[in-house]
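All residue numbers for the sequence shown refer to the working numbering, where the first residue is 19 and numbers rise by one.
The structure appears right after this line, and notes come after that.
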Amino acid sequence: MSRRAIRADHVLGHSDGEHVLIADGEVVVEGRRIVSVGPRGSGPETEDAIELGPALLLPGLIDLDALTDIDHTLLDSWQSPELGLGLQWSRDYAEHRRRAVFDAEERAFIREYGFVQLLLHGVTTAMPIASEVHSDWAETHADAVAMAERAEKLGLRVYLGPSYRSGVNVVDADGSRSLYWNEELGVAGCAGAARFLDWAAARESDLVHGALLPCRIETLSEDLLCRTAELAAASGVPVRLHALQGLLERDLVRAQFGATPLEVLARTGLLGPKLLLPHGIYVDSHPRVDARTDADIARLAESGVTVVHCPLTSARHGAALHGFERYRAAGVGLALGTDSFPPDLVRGIDIGVTIAKVLDHRLDAATYGGYLTAATLGGADALGRPDLGRLAPGATADLVAFRLGDPLDGVIADPVRTLCMNSTARATIFSMIAGRIVVRDGAIAGIDLSAMTRRAQTLFERMRAAYPERDYRGRTIDQLFPPSFRTWA
Ligand SMILES: [Zn+2]
Numbered sequence: 019m020s021r022r023a024i025r026a027d028h029v030l031g032h033s034d035g036e037h038v039l040i041a042d043g044e045v046v047v048e049g050r051r052i053v054s055v056g057p058r059g060s061g062p063e064t065e066d067a068i069e070l071g072p073a074l075l076l077p078g079l080i081d082l083d084a085l086t087d088i089d090h091t092l093l094d095s096w097q098s099p100e101l102g103l104g105l106q107w108s109r110d111y112a113e114h115r116r117r118a119v120f121d122a123e124e125r126a127f128i129r130e131y132g133f134v135q136l137l138l139h140g141v142t143t144a145m146p147i148a149s150e151v152h153s154d155w156a157e158t159h160a161d162a163v164a165m166a167e168r169a170e171k172l173g174l175r176v177y178l179g180p181s182y183r184s185g186v187n188v189v190d191a192d193g194s195r196s197l198y199w200n201e202e203l204g205v206a207g208c209a210g211a212a213r214f215l216d217w218a219a220a221r222e223s224d225l226v227h228g229a230l231l232p233c234r235i236e237t238l239s240e241d242l243l244c245r246t247a248e249l250a251a252a253s254g255v256p257v258r259l260h261a262l263q264g265l266l267e268r269d270l271v272r273a274q275f276g277a278t279p280l281e282v283l284a285r286t287g288l289l290g291p292k293l294l295l296p297h298g299i300y301v302d303s304h305p306r307v308d309a310r311t312d313a314d315i316a317r318l319a320e321s322g323v324t325v326v327h328c329p330l331t332s333a334r335h336g337a338a339l340h341g342f343e344r345y346r347a348a349g350v351g352l353a354l355g356t357d358s359f360p361p362d363l364v365r366g367i368d369i370g371v372t373i374a375k376v377l378d379h380r381l382d383a384a385t386y387g388g389y390l391t392a393a394t395l396g397g398a399d400a401l402g403r404p405d406l407g408r409l410a411p412g413a414t415a416d417l418v419a420f421r422l423g424d425p426l427d428g429v430i431a432d433p434v435r436t437l438c439m440n441s442t443a444r445a446t447i448f449s450m451i452a453g454r455i456v457v458r459d460g461a462i463a464g465i466d467l468s469a470m471t472r473r474a475q476t477l478f479e480r481m482r483a484a485y486p487e488r489d490y491r492g493r494t495i496d497q498l499f500p501p502s503f504r505t506w507a
């Protein structure tokens, strides 16, 4: 097996359980594994070397709430509360008129478009998330198979399964919020998810792994939550469930279950080390929940769950973790996610650190190193993958390099701070996943991103055009999505 060295001006190696910076470093890869990490020339002889020059070489980023959609935050993150109601399904639409805006091939294309974007932003392991707003209920077994095949072809590592739910958030005719339930669809969806776990296991590929990805906690019946916990226990796969995400969720769950979301997770058997929780924000210590107790964070830590923190998307929806260091100090597992466009964990890290400073009125409220650790080791821990998230001998060869030294980035100080503060994940120039080069010179071989973007734009227009039929007040596109300024007339 041939050995190859990958060298860069800055390498983030790993020693004694934590990341370490190496100037003028090299990583030597043999097959799918890393065999050595250290300063240039410290490793064994190699047949081949890739010189990345002014760049920061990192362990591949792990995105556990990974955008696999064409944009929706552009559409749904800025309306008034009343206008925002128009972006939900009306009860009438859910009951009588729901339909899929995209067919199966279009859905597969949209997921692939998301994967390409993730790769070009330095993500090497992804747990996909797509909006269900334009589906006729949730995803199917066939959707998950199509996604897995496309990810495998691209060379991206995915943990996935079809999303499922037994309820959907709706707006009633009087403008109030509630849930429309269809348990039969939930049970069928869960059966599809179970079938996919078998399919993925039979694949025996390190690029495709099964996971249970039910939708939001308030959209699952207690029975479906229990079934999910049983499936997870039997198969050993991770479960990702959106929870502690909003105050409306808390109210709906309390009305439905007579308990808080966290209590429901515990009593259904889901609260444990296999659980990944986007976004984990509304715990009892959050100022808008109670703020007088810290019991929830302690309970999260004790149970071993991982909170999948999506700083950029949360901020765009007016929410923030209170706060990153508080969770970390308590021992809560923390990983990162992008959740929506742009799938840029570097920007996510910067906004996360910045918001932590604002909330705590301290410049050391969170660090770039702490956040980057969440995006690498935190994700690997959540997946039970000690071979990922680190550049160390024996680890799987998942590497990503971000260009440093673009004149527009200005001067270079500490390479991690320089990347996070002055650049973005669009500076991805190289990535290798399980020893295979996937991104080279900022591009993926065989992928015409411009052509994909043209098609994505067409699908996006159709997606936007489908909102009025779902609005409980039937408003027009122009009413639901007014431009930033009035248009010239
Ligand atoms: Zn999310």
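Ideal placement from N, C-alpha and C gives every residue a C-beta, glycine not left out.
Can you tell me which of Ser95, Ile299, Leu395, Thr394 puts its alpha carbon nearest to the alpha carbon of Glu267? Sequence index remark: in the sequence shown, residue 267 carries index 249 (1-based). Answer by Cα proximity: Ile299.
Measuring CB atoms only, is the region 435-453 touching the region 405-418, in the sense that at least three cross pairs come out at less than 8 Å? yes
Given a cut-off of 8 Å on the beta-carbon distance, is the pair Pro146 and Thr86 in contact? The residue labelled residue 146 in the question sits at position 128 within the sequence shown. The residue labelled residue 86 in the question sits at position 68 within the sequence shown. Taking 8 Å as the Cβ cut-off, Pro146 and Thr86 qualify as a contacting pair.
Checking 8 Å against the spacing of the C-beta atoms, do Leu283 and Val257 come in under that value? In the sequence shown, the residue the question calls residue 283 occupies position 265. In the sequence shown, the residue the question calls residue 257 occupies position 239. Contact flag unset, no.
Report the rounded CA-to-CA distance for Gly31 versus Asp154, giving the unit in angstroms. Locating residue 31 in the sequence shown gives position 13, counting from the first residue. Locating residue 154 in the sequence shown gives position 136, counting from the first residue. Roughly 46 Å between the two C-alpha positions.
The region 108-124 in contact with the region 170-190 per 3-pair CB rule at 8 Å: yes
Is Cys233 a contact residue of ligand 1, with contact defined as CB to any heavy atom under 7 Å? Numbered from its first residue, the sequence shown carries residue 233 at position 215. False, no ligand heavy atom lies under 7 Å from that Cβ.
Buried or exposed: Arg129, going by 16 or more other Cβ atoms within 10 Å of its Cβ? Counted from its first residue, the sequence shown places residue 129 at position 111. By the neighbour-count rule (16 or more Cβ atoms within 10 Å), Arg129 is buried.
Tell me, to the nearest whole angstrom, how far the beta carbon of His152 is from that of Met470; I am working on the premise that it is less than 8 Å. The residue given as residue 152 occupies position 134 in the sequence shown. The residue given as residue 470 occupies position 452 in the sequence shown. Rounded, the Cβ-Cβ distance is 18 Å, inconsistent with contact.
With a cut-off of 8 Å, does the C-beta of Thr436 fall near any C-beta of chain C? Annotation note: the requested chain C is absent from the structure, which comprises a single protein chain.
In DSSP terms, what Ile299 is bridged to: Mapped onto the sequence shown, residue 299 falls at position 281. Its beta-bridge partners do not exist; DSSP assigns none.
CA-CA distance, Ala363 and Ala443? Your numbering for residue 363 matches position 345 in the sequence shown. Your numbering for residue 443 matches position 425 in the sequence shown. It should be noted that the sequence gives Leu, not Ala, for residue 363. Straight-line Cα distance between these residues: approximately 7 Å.
I'd like to confirm the pairing. Which residues does DSSP put opposite Ser196 in its beta bridges? The residue you call residue 196 lines up with position 178 of the sequence shown. Bridge partners of Ser196: Val188.
Where DSSP assigns a beta bridge to Trp107, which residues make up the other side? Looking up residue 107 in the sequence shown gives position 89. Answer is Val188.
Ignoring anything shorter than 3 residues, give me the beta strand (DSSP E) runs that lie fully in the region 193-238, in order along the chain. 195-199, 226-228
Per DSSP, Met450 forms a beta bridge with which residues? Within the sequence shown, residue 450 is the residue found at index 432, counting from 1. DSSP lists Leu417, Ile455 as partners of Met450.
Any chance the CB of His114 is under 7 Å from a heavy atom of ligand 1? Here residue 114 refers to the residue found at position 96 when the sequence shown is read from its first residue. Answer for His114: no, Cβ out of range of ligand 1.
Go ahead and pull the three-state DSSP assignment for Asp83. For the purposes of this step, residue 83 is identified with residue 65 of the sequence shown, where counting begins at 1. Asp83 falls in the strand class under three-state DSSP.
What number of angstroms, rounded off, separates the C-alpha of Leu288 from the C-alpha of Ala261? Mapped onto the sequence shown, residue 288 falls at position 270. Mapped onto the sequence shown, residue 261 falls at position 243. So the two alpha carbons sit approximately 12 Å from each other.
In chain order, what residues place their C-beta within less than 5 Å of a heavy atom belonging to ligand 1? Asp83, Pro296, Asp357
Rounded to the nearest angstrom, what separates Gly492 and Gly102 at their Cα positions? Within the sequence shown, residue 492 is the residue found at index 474, counting from 1. Within the sequence shown, residue 102 is the residue found at index 84, counting from 1. Between Gly492 and Gly102, the C-alpha separation is close to 13 Å.
What are the partner residues of Ile68, as DSSP defines its beta bridges? Mapped onto the sequence shown, residue 68 falls at position 50. Ile24, per the DSSP bridge assignment.
Within the continuous beta strand (DSSP E) that includes Gly43, where are the two ends? In the sequence shown, the residue the question calls residue 43 occupies position 25. Unbroken beta strand (DSSP E) run through Gly43: 36-48.
Would you give the residue range spanned by the alpha helix (DSSP H) that Ile512 belongs to? Residue 512 lies beyond the residue range present for the chain, which begins at 19 and ends at 507; the question has no answer from this structure.
Would you mind reading off the limits of the beta strand (DSSP E) that contains Ile52? Translated into the one-based positions of the sequence shown, residue 52 becomes position 34. That run of the beta strand (DSSP E) goes 51-57.
Do Ser253 and Gly228 have their CB atoms nearer than 8 Å? Reading the sequence shown from its first residue, position 235 is the one you call residue 253. Reading the sequence shown from its first residue, position 210 is the one you call residue 228. In this structure, Gly228 lies closer than 8 Å to Ser253 by Cβ.
Considering only C-alpha positions, which residue in the set Val456, Gly132, Ala41, Ile68 is nearest to Phe359? Counted from its first residue, the sequence shown places residue 359 at position 341. Out of Val456, Gly132, Ala41, Ile68, Gly132 has the C-alpha closest to the C-alpha of Phe359.
Threshold first: 4 residues or longer. Then list the alpha helix (DSSP H) segments lying entirely within the region 428-502, N to C. 433-440, 467-483, 495-498
I'd like to know if the region 45-57 and the region 86-98 are in contact, where contact means that at least 3 CB-CB pairs between them fall below 8 Å. no
Rounded to whole angstroms, what is the Cα-Cα separation between Arg403 and Val301? The residue labelled residue 403 in the question sits at position 385 within the sequence shown. The residue labelled residue 301 in the question sits at position 283 within the sequence shown. Spanning the two alpha carbons is a distance of roughly 28 Å.
Proximity below 8 Å, CB of Gly204 to CB of Tyr177: What you label residue 204 is simply residue 186 of the sequence shown in a count that begins at 1. What you label residue 177 is simply residue 159 of the sequence shown in a count that begins at 1. No, they are not a contact pair.
Just to confirm before moving on: does the CB-CB distance between Arg25 and Ala67 stay below 8 Å? Numbered from 1 along the sequence shown, position 7 holds the residue referred to as residue 25. Numbered from 1 along the sequence shown, position 49 holds the residue referred to as residue 67. It is a contact, given that the beta carbons lie within the stated cut-off.
Report yes if the CB atom of Pro62 is closer than 8 Å to the CB atom of Arg408, and no otherwise. For the purposes of this step, residue 62 is taken as the residue at position 44 of the sequence shown. For the purposes of this step, residue 408 is taken as the residue at position 390 of the sequence shown. Their beta carbons are not under 8 Å apart, which means Pro62 does not touch Arg408 by this criterion.
Need the endpoints of the alpha helix (DSSP H) that Arg346 sits in, please. Counted from its first residue, the sequence shown places residue 346 at position 328. 342-348 is the span of the alpha helix (DSSP H), which, as asked, contains Arg346.
Do Pro279 and Ile235 have their C-beta atoms within less than 8 Å of each other? For the purposes of this step, residue 279 is taken as the residue at position 261 of the sequence shown. For the purposes of this step, residue 235 is taken as the residue at position 217 of the sequence shown. Yes; because the gap between Cβ atoms is below 8 Å, this pair is in contact.
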